[in-house]
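A.B. asks: Structure provided below as structure tokens; questions to follow.
There are 2 protein chains.
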Amino acid sequence: MYTLTEVRDEEVVRMRASDRAYATLLEEIQSGVLSPGTVLGEVDQAARLGVSRTPLREALGRLAADGLVAQQSPRVTVVTAIDAGDIREIFEVRRALEESAARLAAERGDAAAFAALAHDFARVDLGTARGADGYYALIARFDASLDAAVANDYLTAALRTVRTHLVRVRRLARDNPARLAASVSEHRLIASAIAARDADLAAHATHVHLHNALESILGALELDQKGAS
Amino acid sequence: MYTLTEVRDEEVVRMRASDRAYATLLEEIQSGVLSPGTVLGEVDQAARLGVSRTPLREALGRLAADGLVAQQSPRVTVVTAIDAGDIREIFEVRRALEESAARLAAERGDAAAFAALAHDFARVDLGTARGADGYYALIARFDASLDAAVANDYLTAALRTVRTHLVRVRRLARDNPARLAASVSEHRLIASAIAARDADLAAHATHVHLHNALESILGALELDQKGAS
DNA sequence: CGACGGCTTGTTGTATACCGTGAGAGGGTA
DNA sequence: TACCCTCTCACGGTATACAACAAGCCGTCG
Numbered sequence: 076m077y078t079l080t081e082v083r084d085e086e087v088v089r090m091r092a093s094d095r096a097y098a099t100l101l102e103e104i105q106s107g108v109l110s111p112g113t114v115l116g117e118v119d120q121a122a123r124l125g126v127s128r129t130p131l132r133e134a135l136g137r138l139a140a141d142g143l144v145a146q147q148s149p150r151v152t153v154v155t156a157i158d159a160g161d162i163r164e165i166f167e168v169r170r171a172l173e174e175s176a177a178r179l180a181a182e183r184g185d186a187a188a189f190a191a192l193a194h195d196f197a198r199v200d201l202g203t204a205r206g207a208d209g210y211y212a213l214i215a216r217f218d219a220s221l222d223a224a225v226a227n228d229y230l231t232a233a234l235r236t237v238r239t240h241l242v243r244v245r246r247l248a249r250d251n252p253a254r255l256a257a258s259v260s261e262h263r264l265i266a267s268a269i270a271a272r273d274a275d276l277a278a279h280a281t282h283v284h285l286h287n288a289l290e291s292i293l294g295a296l297e298l299d300q301k302g303a304s
Numbered sequence: 076m077y078t079l080t081e082v083r084d085e086e087v088v089r090m091r092a093s094d095r096a097y098a099t100l101l102e103e104i105q106s107g108v109l110s111p112g113t114v115l116g117e118v119d120q121a122a123r124l125g126v127s128r129t130p131l132r133e134a135l136g137r138l139a140a141d142g143l144v145a146q147q148s149p150r151v152t153v154v155t156a157i158d159a160g161d162i163r164e165i166f167e168v169r170r171a172l173e174e175s176a177a178r179l180a181a182e183r184g185d186a187a188a189f190a191a192l193a194h195d196f197a198r199v200d201l202g203t204a205r206g207a208d209g210y211y212a213l214i215a216r217f218d219a220s221l222d223a224a225v226a227n228d229y230l231t232a233a234l235r236t237v238r239t240h241l242v243r244v245r246r247l248a249r250d251n252p253a254r255l256a257a258s259v260s261e262h263r264l265i266a267s268a269i270a271a272r273d274a275d276l277a278a279h280a281t282h283v284h285l286h287n288a289l290e291s292i293l294g295a296l297e298l299d300q301k302g303a304s
């Protein structure tokens, strides 16, 4: 019923075929290996991923629920595209959810944990070879702490969907170093505000951060278009 | 591949078995026919709904994604419960999403449509036999107009999930007539504010409305508990 | 020469068979 | 009598077989 799947460090984990198919397809769509418009035929993908059609269908269903895949016609599923309009829409939802999350975290979060995060943000070194990756890992920790502080499964679930799409957005518009540095200090402020239980500041700093991030991404996108034309 | 399913007014629609199973289970969970804790075995439900296990599994998967059903143990899926804590969490998400939606609708919505809705809210007659049902139908129209005005698929999708749970919440705490009347005028104000393109008022009126609605629901729930004990 | 129609083929939706696992019951032993 | 071990059975996960539908292609007819 389950198959053994090698996971990091010799650790062997029982994983369902449908989960493996979902994880693989998700990663491939997010990383751009499967570009928007790619047709995902059930038999093809099932053969490619080494699972049968039934678990693959389940994986496609979950991807469709996430919005990463859509039924273009009743007979063909494709990887969805993502354009500037989508990015604006995603950021509208992000603003709504993350401002609320920041506010709630400031009210009920673990102040010490966010003080520690603020400290970590202050120590981020973007100069190193893979400094950006380390920063993204720190962001992930921050998001996890936010979820834990808010302690709201419904909010967390909504944010999960948004974050799933955000991975693709990040790939579309590679951040420039200046923006990355600014983003670090913005995050530091948000974490500090939460640690200080200043809900208004946390919310407004989040608003500012998202505004700047959106501007940067849309700017990078425009540059790409000009460069391509 | 498809089966014929009778839908209202002699209209016959081709519907997939998995969609029928999903729709039926959704309706039964929302209406309380399937109460929280009910075990949903695949073979049982497949037999009961007259579909085979495959489309039923797909339906259960969608319900699980919605949060209406959960895998209690790796072997048994049950209808999820919903308590006061869940309701508070849902309303936190509602506040975040609907305040934003109201704001965005005020900025870019069709003013005439919301002026008409405000007019309709003013004419609601809760005195008639099924006045409450008519009001709920009007709410649904309002929600649909809001979605159309906001024109944000990601926001709409997030709201859809919340609204799915809200149906159950409404059932748990039957609104009293006084609250219903207040709710009508609150909605009228929101619609008017959107029509007047007053984003702040729309957002704040939404905040107030959700606050009152939550208070009313939690109050009704407490009364129920006291009555039951 | 063009258009219409039927057939072929590939795809999805559904049903069902198969297998491994886990839980529960029953019996045996301490 | 109580606890533990084992056997069995049922369920979920997966694979595969089957059916229906859609689209493309080729042949024929106007």
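Taken in sequence, the protein lines are chains A and B.
Under the numbering used here, think of the first position of the first sequence as 76, with each following residue one higher.
Under the numbering used here, think of the first position of the second sequence as 76, with each following residue one higher.
We put the beta carbon where it would ideally sit given N, CA and C, even for glycine.
#1: Within 8 Å (strictly less), CB to CB, does Gly-127(A) reach chain B?
#2: Let me know if Glu-174(B) comes out buried or exposed under the rule of 16 or more other beta-carbons within 10 Å of its beta-carbon.
#3: Residues of chain B with CB under 9 Å from Gly-116(A), in chain order?
#4: Assign Ala-271(A) to one of three DSSP states: helix, strand, or coil.
#5: With distance defined between alpha-carbon atoms, name the residue in Leu-124(A), Ile-165(A), Ala-98(A) and Ala-278(A) nearest to Thr-231(B).
#6: In chain order, what residues of the same chain lie with their CB nearer than 8 Å to the CB of Ala-266(A), ignoring the 5 residues before and after it?
#7: For Ile-162(B), would you say it is in contact with chain A, using Cβ-to-Cβ distances shorter than 8 Å as the test?
#8: How many Å lie between Ser-110(A) and Leu-135(B) at the Cα?
#9: For the segment 217-226 of chain B against the segment 123-138 of chain B, are there 3 or more C-beta pairs whose distance is under 8 Å?
#10: Which residues in the same chain have their Cβ closer than 6 Å to the Cβ of Ser-106(A), if we skip the five residues on either side of it in sequence?
#11: Using the three-state DSSP reduction, which class does Ser-291(A) fall into: helix, strand or coil?
#12: Between the C-alpha atoms of Ala-223(B) and Gly-184(B), what's the straight-line distance to the nearest angstrom?
#13: Confirm, please, whether the CB-CB distance from Leu-276(A) to Ala-270(A) is below 8 Å.
#14: Taking the alpha carbon of Gly-209(A) as the point to measure from, which residue in Glu-167(A), Pro-149(A), Val-168(A) and Leu-255(A) has its own alpha carbon closest?
#15: Counting only Cβ pairs nearer than 7 Å, list the residues of chain A close to Asn-275(B).
#16: Using a Cβ cut-off of 8 Å, pull out every chain B residue sitting near Gly-142(A), in sequence order please.
#17: At the level of alpha carbons, what is the spacing between Gly-142(A) and Leu-289(A)?
#18: Are Ala-122(B) and Ala-233(A) touching if we call contact CB-CB under 8 Å?
#19: Count the other CB atoms within 10 Å of the CB of Ile-292(A); is the residue buried (16 or more) or exposed (fewer)?
#20: With 8 Å as the threshold, decide whether the Cβ of Gly-184(A) is near any Cβ in chain B.
#21: For Arg-83(A), which residues from the same chain have a beta carbon less than 8 Å from its beta carbon, with the 5 sequence-adjacent residues on both sides left out?
#22: Helix, strand or coil for Val-390(A)? Go by DSSP, reduced to three states.
#23: Considering Cα atoms alone, identify which of Gly-125(A), Asp-299(A) and Ala-274(A) is closest to Arg-246(A).
#24: Please report the distance separating the alpha-carbon of Gln-146(B) from that of Ala-139(B).
#25: On the three-state DSSP scale, how would you describe Ala-226(A)?
#26: Does the beta carbon of Leu-172(B) sit closer than 8 Å to a beta carbon anywhere in chain A?
#27: State buried or exposed for Ala-212(A), treating a residue as buried only when at least 16 other CB atoms are found within 10 Å of its CB.
#28: Among residues of its own chain, excluding the 5 on either side of Ala-248(B), which ones have a beta-carbon nearer than 7 Å to its beta-carbon?
#29: Can you check whether the C-beta of Ser-148(A) is within less than 8 Å of a C-beta belonging to chain B?
#30: What does DSSP give as the partner residue(s) for Thr-152(A) in the beta ladder?
#31: Assuming contact is defined by CB atoms lying nearer than 8 Å, are Glu-167(B) and Leu-285(A) in contact in what I supplied?
#32: Using a C-beta to C-beta distance shorter than 9 Å, which residues of chain A count as neighbours of Leu-179(B)?
#33: Identify the contact partners of Ser-220(A) in chain B, using a Cβ-Cβ distance below 8 Å as the criterion.
#34: Below 8 Å on the Cβ atoms is my guess for Ala-272(B) versus Ala-186(B); work out the distance and round it to an integer in Å.
C.D. replies: The short version:
#1: The question names Gly, but residue 127(A) in the sequence shown is Ser. Among the CB atoms of chain B, none fall inside 8 Å of the CB of Ser-127(A).
#2: Classification for Glu-174(B): buried.
#3: None at all; the shortest Cβ gap to chain B is about 17 Å.
#4: Here Ala-271(A) sits in coil by DSSP.
#5: In this structure, Ile-165(A) is the residue among Leu-124(A), Ile-165(A), Ala-98(A) and Ala-278(A) with its C-alpha nearest to the C-alpha of Thr-231(B).
#6: Excluding sequence neighbours, Ala-266(A) sits near Phe-189, Ala-190, Leu-192, Ala-193, Phe-196 and Phe-217.
#7: It does not: the Cβ of Ile-162(B) has no partner Cβ on chain A nearer than 8 Å.
#8: Their Cα atoms are separated by approximately 30 Å.
#9: No contact exists between the segment 217-226 of chain B and the segment 123-138 of chain B.
#10: So no residue of the chain qualifies.
#11: DSSP places Ser-291(A) in helix when its eight states are reduced to three.
#12: Distance between the alpha carbons of Ala-223(B) and Gly-184(B) is about 8 Å.
#13: Between Ala-270(A) and Leu-276(A), the CB-CB gap reaches or exceeds 8 Å.
#14: Checked all of Glu-167(A), Pro-149(A), Val-168(A) and Leu-255(A); the closest Cα to Gly-209(A) is Leu-255(A).
#15: The residue you asked about is not Asn; residue 275(B) is Asp in the sequence shown. Residues of chain A passing the Cβ test: none, with the nearest at roughly 15 Å.
#16: The answer, in chain order, is Asp-228, Tyr-229 and Ala-232.
#17: Going from the Cα of Gly-142(A) to the Cα of Leu-289(A) covers about 20 Å.
#18: Cβ distance not < 8 Å, so Ala-122(B) and Ala-233(A) don't count as in contact.
#19: A residue is called buried once 16 or more other Cβ atoms fall within 10 Å of its Cβ, and Ile-292(A) is buried on that count.
#20: Cβ-Cβ to chain B under 8 Å: no for Gly-184(A).
#21: Any reading at Arg-83(A) is ruled out, since the residue's pLDDT is 41, under 50, leaving its predicted position unreliable.
#22: The structure shown does not extend to residue 390(A), since chain A is modelled only from 76 to 304, so the question has no answer here.
#23: Measuring from the Cα of Arg-246(A), the nearest candidate turns out to be Asp-299(A).
#24: Their Cα atoms are separated by approximately 8 Å.
#25: Here Ala-226(A) sits in coil by DSSP.
#26: Closer than 8 Å: yes.
#27: Flag for Ala-212(A) reads exposed.
#28: Within the same chain, and ignoring the five residues on either side of Ala-248(B) in sequence, the residues whose Cβ sits closer than 7 Å to its Cβ are Ile-292, Ala-295 and Leu-296.
#29: Answer no: the Cβ-Cβ gap between Ser-148(A) and chain B never drops below 8 Å.
#30: In the DSSP assignment, Thr-152(A) is bridged to Gln-146(A).
#31: No; because the gap between Cβ atoms is not below 8 Å, this pair is not in contact.
#32: Those within 9 Å of Leu-179(B) in chain A are Glu-167.
#33: By Cβ distance, chain B contributes nothing, its closest Cβ being about 18 Å from Ser-220(A), past 8 Å.
#34: First, the residue type needs correcting, since residue 272(B) is Arg and not Ala in the sequence shown. That belief holds up - the Cβ atoms of Arg-272(B) and Ala-186(B) are roughly 6 Å apart, short of 8 Å.
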